[in-house]
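This report concerns only the one structure given below.
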Amino acid sequence: MRKTLIVLTSMAFALFGCGSSEPLATVDKVDVKRYAGLWYEIARLPNTFQKNCTCTTAQYEVKEGYISVLNECWNTTKNKKVNAKGKAFPVEGSNNASLKVQFFWPFKGDYNVIALDEGYQYAMVGAKDRKYLWILSRNPQLSESIVSELKAKAESLGYDTSKLLFTEHPCPK
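Each residue of the sequence shown is one higher than the one before, starting from 9 at the first, in the working numbering.
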């Protein structure tokens, strides 16, 4: 089961760099120490490596030279929590707004912070090919007005927000 999740995650991230697209505007700068910690997934574009996932969270921890990543979700088919561990590496010259995330060597995927609250309470992350998008929050819920703002920004950057899947919280124990 864990191997299946790792393989699917790796395949999906390997595809992040495929295809041509317009450059993706990121935020100017990310303070990784403030960004670290627990984030709740509010919404995402569909992807194969999160199929049947709900109650999705991401935990980031700053390490020497990288950021550790722990993604967890409740798999509704398997009726249990699953996770994927990885490392994120800041892209040089991006002020930490773009990272390369690796869950399985040698594949790395795009992680671009395209919106970030001044208080680091919510963020939006996407891939350059516009196939992957996540809305994240420090809390399990985010106000409809903020979600609407983020959707409008995503649309202006070329994402198809009509396909967004909204993540359920609270989670099974």
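We put the beta carbon where it would ideally sit given N, CA and C, even for glycine.
What residue range does the alpha helix (DSSP H) around V99 cover?
Unbroken run through V99: none, as it is neither H nor E.
Does the Cβ-Cβ distance between K136 and L53 come in under 8 angstroms?
With respect to L53, K136 sits apart: the two C-beta atoms are not nearer than 8 angstroms.
Alpha carbon to alpha carbon, what distance is there between E163 and G45?
Approximately 27 angstroms between the Cα atoms of the pair.
Contact set for T169: own chain, Cβ-Cβ below 7 angstroms, skip 5 residues either direction
Cβ within range, chain order: K159, A162, E163.
Less than 8 angstroms separating the beta-carbons of V35 and I75?
Here V35 is not near I75, since their CB atoms are 8 angstroms or more apart.
So what does A92 bridge to, in DSSP terms?
Note: A92 is bridge-paired with N79 in the DSSP secondary-structure output.
To the nearest angstrom, how far is the alpha carbon of N60 from that of G134?
The C-alpha of N60 lies about 20 angstroms from the C-alpha of G134.
For a cutoff of 8 angstroms on Cβ pairs, would you count W47 as touching chain B?
Annotation note: the requested chain B is absent from the structure, which comprises a single protein chain.
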